[in-house]
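Note that the numbering used here has the sequence shown beginning at 1, numbered continuously upward. Okay, so here's the structure we're looking at.
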Amino acid sequence: MNMNLVFCLALKATDFVLMLAFSLIFGSYTLKVLIISPMVKVSFKYFSF
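Encoded structure:
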């Protein structure tokens with residue numbers, strides 16, 4: 001098995017666990033940020049000329 005792939009998977013797993021922990025700690029706040037943040041970025045993209 002490729003070492004690079006293993007490292008990448010481990011990194012993704014860690015990322016997922018961290019996200020899960022944050023969601024549990026902050027609850028709906030994290031969810032709001034995750035939903036609002038991309039919307040804000042998109043609106044900035046559209047309204048900045």
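Just so you know, even glycine gets a beta-carbon here, dropped at the ideal spot from N, CA and C.
Following the continuous alpha helix (DSSP H) through N4, name the residue where it begins and the one where it ends. Unbroken alpha helix (DSSP H) run through N4: 3–26.
Note down the Cα distance separating I35 from L9, rounded to an integer number of angstroms. If you draw a straight line from the Cα of I35 to the Cα of L9, it comes to about 25 Å.
Roughly how many angstroms separate the alpha carbons of S37 and F44, rounded to a whole number? Between S37 and F44, the C-alpha separation is close to 11 Å.
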